[in-house]
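Working notes, beginning with the structure itself.
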Amino acid sequence: MFLFWEAVPQIISIGRENLLDKFFKLKEHGTDVKTEILAGITTFLTMAYILAVNPSILSSTGMDAGALFTATALAAIIGTLCMAFFANYPIALASGMGLNAFFASIVAGGISWQIVLTAILIEGIVFILLTFFRFREAIVNAIPTNMKYAISAGIGLFIAVIGLSNAGVFSTGLLAGAYTSVQVILCTVGVIVIGFMLYKKVKGAILWGILITYALGIIAQLIGWYVPNPEVGAYSLYPSGIFSLPPNIAPIFFKFDFAGAFGMGIDFLVICFAFLMVDMFDTVGTLVGVASQGNLLDKQGKLPKAKQALMADALGTTAVMFGLALFLSPLFLAIPGFATAPALIIVGLMMLKSILKIDLSDYSEAVPAFLAIIIMPVTSSIADGMMFGFISWVVLKLVSGQPKKIHPIMYVVSALFILKLIFA
């Protein structure tokens, strides 16, 4: 009897592994439960920085930071579970860096976050419908390849500028001042730390960079170099604790403003369309890139079950780790802007790499791409960068005798942006 009870845990473990293998086809993909668990933890460490960065960016709009933290974790849990059970891909999903920066920039332009949240809801519904009817791939394919790369690069620069601003480098930052300020110095150290770790291929380099910068900030406060001053946005870096129940999501849950949104007329439609474009480029580009790195593409370079994968993204192995992180909110929410700034700068650099794929030898392609890239960070508007890029691309193709290269959808998109210019 003793031997039987000793064997029970092993029997349960074997049964569990067989069940997981049968459902997820682990052996068929050349992997096992232990490998997937380790890979899931590694993926979480690589992505967990979003739990600090997303609330940091979006709380600048007036949204509750605690509620944003909970929403960020829940979105990652739901999205990743959908990816696992709908598409059976070992890909984790979380909030997009381009979208949160775009959200903050629109609110900074004078539109309430409740109206922008409404735009996200409508864009999300359209997103799901486009994915279900396979129109999403068609729209993405209609956008010129060079413009896709330009949008990614432009968003990268925009995100990097936000990071520099949060560290106090620009006069628009939380702590405008000399380059020798403690925030700017620690941010610079953080960038160097992350860069070195990425060079050494350290797993979770961005998250480690944030935590190391934050730890140095705490030391700076202990020795009196960093002096808290809430009036200028410099808060105490000491966390109120480590573990806590997840913050209430109520302050931002379903806080839509349909009356205000529909009262904006065509401007609101343009915002929804801009979100849709950014969302599509960010998702498809990232998904294909990750899939290629993970050898998930077929011989034709296509992603099998792309519809299911894209649907999982539209709705929302690492989900468990994000669930556990929900109880670490005091730690993540105590991380200041200058500690998350290095992550924004490095992510911006990663997105900027797409500029290497742009055909700069053809000026009918290079000029629109450059306009899209440069206007985004300068105007703090991804939509404006897309507008100038798309309109100039269509016009240059027409005047240079290349109308056959223009997809009908590009005419529609450019017309919408022109209407925005006229009625804005």
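For the working numbering, count along the sequence shown from 1 and bump the result up by 177. For each residue, glycine too, the CB sits at the ideal point set by N, CA and C. Note that the coordinates shown come from a computational prediction; the quantities given were computed from them, not determined experimentally.
Excluding residues up to 5 positions away in sequence, 382, 385, 386 lie with their Cβ nearer than 7 Å to the Cβ of residue 374 in the same chain. For residue 515, the uninterrupted alpha helix (DSSP H) run begins and ends at 514–529, by DSSP. By the Cβ rule, the segment 505–515 counts as touching the segment 414–426, because three or more pairs are nearer than 8 Å. When secondary structure is reduced to three states using DSSP, residue 425 falls in the coil class, being assigned neither helix nor strand. Looking at 513, 537, 449, the one whose alpha-carbon comes closest to that of residue 590 is 449.
Taking all protein chains shown into account, residue 378 has fewer than 16 neighbouring C-beta atoms within 10 Å of its C-beta and is therefore exposed.
When 520, 577, 513 are compared, the shortest CA-CA separation from residue 544 is found for 577.
Between the segment 393–409 and the segment 235–253 there are fewer than three C-beta pairs closer than 8 Å, too few to call the two in contact.
Taking C-alpha positions only, residue 573 is separated from residue 443 by approximately 26 Å. The alpha-carbon of residue 431 is positioned some 42 Å away from that of residue 376. With contacts defined by Cβ atoms closer than 7 Å, residue 229 and residue 517 form a contacting pair.
According to the DSSP secondary-structure assignment, residue 411 is paired through a beta bridge with 406. For residue 595 and residue 568, the gap between their C-alpha atoms comes out near 8 Å.
Note on residue 415: under 16 other CB atoms within 10 angstroms of its CB, so exposed under the neighbour-count rule.
Counting C-beta atoms within 10 angstroms of its own C-beta, residue 325 has 16 or more neighbours from the protein chains shown and is therefore classed as buried. Between residue 407 and residue 239, the alpha-carbon positions lie close to 16 Å from each other. Taking a cut-off of 8 Å for Cβ pairs, the segment 537–553 and the segment 517–527 do not touch, as fewer than three such pairs fall below it. The alpha-carbon separation between residue 293 and residue 284 amounts to approximately 7 Å. Secondary structure of residue 232 (DSSP, three-state): helix. 368 is the residue among 311, 323, 368, 270 whose C-alpha sits nearest the C-alpha of residue 337.
Nearest to residue 221 by alpha-carbon distance, out of 358, 456, 429, 500, is 500. In the displayed model, residue 537 falls within coil according to three-state DSSP, outside both helix and strand. Between residue 323 and residue 277, the C-beta spacing is not below 7 Å. Straight across, the Cα-Cα distance linking residue 558 with residue 281 is about 10 Å. Only residues of its own chain outside the window of five on either side were considered, and among them 507 have a CB closer than 6 Å to the CB of residue 418, listed in chain order. Counting along the chain, residue 560 sits inside the alpha helix (DSSP H) bounded by residues 559–576. Residue nearest to residue 291 within the set 429, 333, 502 is 429 (criterion: CA-CA distance).
Check the Cα spacing between residue 389 and each of 288, 515, 297: the tightest is with 515. Across the structure, residue 331 and residue 456 are spaced so that their CA atoms are roughly 14 Å apart.
In terms of Cα proximity to residue 413, the closest of 513, 445, 585, 319 is 513. Inclusion of residue 257 and residue 269 in the CB contact set at 7 Å is warranted, their separation being smaller than that value.
Residue state for residue 453 is assigned as helix, using DSSP reduced to three classes. Rounded to whole angstroms, the gap between the alpha carbons of residue 437 and residue 299 is 14 Å. The beta carbons of residue 272 and residue 302 sit no closer together than 7 Å.
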